[in-house]
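Residue numbers (my numbering), protein chains in the order written: chain A, 1 to 236; chain B, 1001 to 1236.
Here a beta-carbon is modelled for each residue, glycine too, at the ideal position from N, C-alpha and C.
Protein chains: 2
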Amino acid sequence: MKIERKKVSMQVFDRIKEYIHEEKMKPGDRLPTEKQLSEMFGVSRTPVREALSVLEASGLTVSKQGGGSIVQETSLTNLIEETQFEFVDSKEVLNLLETRIILETEAARLAAERGTPDDKSQIKRNLEEIRKAQDDNRVGYKEDIAFHNAIAKASQNPILVHSVENLTTLYEKAIRFSLKKNMGVSEKRAQVLSEHERIYTAIRMGNGDQAKDEMDQHLRNACKKFKHSFDQALNS
Amino acid sequence: MKIERKKVSMQVFDRIKEYIHEEKMKPGDRLPTEKQLSEMFGVSRTPVREALSVLEASGLTVSKQGGGSIVQETSLTNLIEETQFEFVDSKEVLNLLETRIILETEAARLAAERGTPDDKSQIKRNLEEIRKAQDDNRVGYKEDIAFHNAIAKASQNPILVHSVENLTTLYEKAIRFSLKKNMGVSEKRAQVLSEHERIYTAIRMGNGDQAKDEMDQHLRNACKKFKHSFDQALNS
DNA sequence: TGTTGTATAGTTATCATACAAATCATGATA
DNA sequence: TATCATGATTTGTATGATAACTATACAACA
């Protein structure tokens, strides 16, 4: 049995998160000052500051000199910066996509078979958002992810939803980095949109097998595009 | 135009990343010491430490007291969140099993198709463990879980492995609680063992379709047994 | 030869203190 | 009321000291 030895700064990190939770702090609320926190936990300012640094890097808080630290609007997707993705290799992303295919094709089938009218109209709204993003000439990561998550939600299986969300947000973070390097994928966006539309149509019609098929093709194409753009990036 | 005022600690953070990149440092390599870094960038140790904290939190490096900071293998797998649910609701267990079916049937197929001889002999060892547990008249949760995880591992997809492990450990927790109430499942254990054996055989033969089928039946039977024992518990 | 104990230097983790810089709050003044 | 000055508060950085830990080398021992 390994002896647990955790850095004080990381314990403080956890405690501050707990604190935010327990006090039900909303975005905009001010945290106690560093001095107060250090007294609260009986440590010096140093580990408190390191904990706050990590919190800020994770997007949970913002510290302003003289102003204090305030909790921030936390969209789960920017939980940790995309910085570390410079070091992931393409194989990992393909593994991620492979796992997404396994989960999301079945999610699509279940969505078609069990989705309520509400679920389906939500999916439709997400589709509209994607279209809008495209009109605005934005890439629309968030909208894409939201579309996929909405389909998972229509499966009526919270565990499945959670698993899918886990992977899609991870994918977004990873892909966002790789797209920074080469933007030459925009011409494919029309194709992606029509894939999305076909998935939605199958779900709306309640055709599980077809929904699964369309999702399968859609994600396999994503694989291909990723490989292609990654190779391009390597050769540049 | 507002002057960009960036905290020194975050500039140091960026510079250290650059440094790792430029020096082409591999996982396992040691970073310069904090003292050296602070001299390198002409700042005090304080911001250097805060930068290192963030680096460590984002999984790029590990700092060990007395040992220095080393760059770490960064894999997407480390970034998957642990699913934290604390439920015992029967509906959730069925959802959990449904998700396991989706993932693990494909995992079994991939294990049959891609598993190395080492992987397969590991699965065999896990099977032996289950048998041994049964001989000792133990229930053998751990052995069961280990068997399923080993199959996932043989898929050669770390993301899939992690996802499966997430669900199996969750399942273990849930089932361990619910089985406390009714132990009347022991007579089915022989059947479970033969299911496990059939899964293994299919994987060993490299028959992906059959492996998937066997896993499917195995988990569906688990569903049935759970429903049955749950109903029993309700009527008692 | 190989293992175990010990000494030593190097390194990180934390503490305490001080000061600089930005922000905030208060009240005076126009 | 609105604006500005000013002092208090708070974060950012610097510095030095101490404790705890690691890695290494070397001696002692079996």
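Cβ neighbour criterion (16 or more within 10 Å) applied to residue i
i	result
SER155/A	buried
GLU98/A	buried
ASP209/A	exposed
ASP144/A	buried
GLU1086/B	Because GLU1086/B sits at a pLDDT of 49, beneath the cut-off of 50, its placement in the model cannot be relied upon, and the following sentence gives the value as read from the coordinates. Flag for GLU1086/B reads exposed.
ASN137/A	exposed
PRO27/A	exposed
ALA190/A	exposed
SER121/A	exposed
SER1044/B	exposed
LYS212/A	buried
THR1116/B	exposed
GLU1056/B	buried
ARG1059/B	This sequence places Gly at residue 1059/B; Arg is not what is there. Classification of GLY1059/B: buried, given that the 10 Å Cβ count is 16 or more.
ARG1176/B	exposed
GLU1004/B	The pLDDT assigned to GLU1004/B is 47, lower than 50, so where the model puts this residue is not dependable, and the model offers no usable value.
CB contact flag (residue i, residue j, <8 Å)
i	j	result
GLU1104/B	LEU1193/B	no
VAL1071/B	MET1025/B	yes
ALA1202/B	ALA1107/B	no
GLU1092/B	TYR1141/B	no
ASN166/A	ALA146/A	no
ASN1149/B	VAL1164/B	yes
SER1053/B	SER9/A	yes
GLU195/A	GLN217/A	yes
GLU1034/B	ARG1049/B	yes
VAL161/A	ALA174/A	no
LEU31/A	SER69/A	yes
ASN1095/B	ILE130/A	no
ILE1252/B	ILE123/A	The structure shown has nothing for residue 1252/B, since chain B only spans 1001 to 1236.
Beta-carbon neighbours of residue i, restricted to chain A and to distances below 7 Å
i	result
THR1099/B	ASN157, ILE159, LEU160, SER163
Proximal residues of chain B, C-beta to C-beta of residue i below 7 Å
i	result
ARG49/A	GLU1050
For residue i, the three-state DSSP class (helix, strand or coil)
i	result
LYS1006/B	coil
THR116/A	coil
VAL62/A	strand
SER1194/B	helix
THR77/A	Here THR77/A scores only 38 on pLDDT, less than 50, and its place in the model should not be relied on; the value that follows carries that caveat. Here THR77/A sits in helix by DSSP.
GLY208/A	helix
SER1155/B	coil
SER1121/B	helix
ARG138/A	coil
SER1229/B	helix
SER44/A	coil
ASN1221/B	helix
MET1183/B	Note that MET1183/B scores 45 on pLDDT, short of 50, meaning its location in the model is unreliable and no value can be drawn from it.
ARG1030/B	strand
Neighbouring residues, chain A, relative to residue i (Cβ below 9 Å)
i	result
GLU1092/B	PRO158, ILE159
Cross-chain neighbours of residue i in chain A, by beta carbon under 8 Å
i	result
ILE1151/B	Within 8 Å Cβ-Cβ: nothing; ILE1151/B doesn't reach chain A, min ~14 Å.
ILE1016/B	Under the 8 Å cutoff, chain A gives no residues; its nearest Cβ is about 11 Å from ILE1016/B.
VAL1054/B	SER53, VAL54, ALA57
Beta-carbon neighbours of residue i, restricted to chain B and to distances below 8 Å
i	result
ILE199/A	The contacting residues do not exist; ILE199/A stays about 17 Å from chain B at best.
The ligand MN heavy atom lying under 7 Å from the CB of residue i
i	result
GLU1143/B	The ligand MN is not part of the structure shown, which contains no ligands of any sort.
Query raised in the report: Between the stretch 106-137 of chain A and chain B, which residues of the former have a C-beta closer than 7 Å to a C-beta of the latter?
Result: GLU106
Query raised in the report: Between the stretch 209-232 of chain A and chain B, which residues of the former have a C-beta closer than 8 Å to a C-beta of the latter?
Result: none
Query raised in the report: At a Cβ cut of 7 Å, what residues of the stretch 8-36 of chain A count as close to chain B, listed as they run along the chain?
Result: SER9
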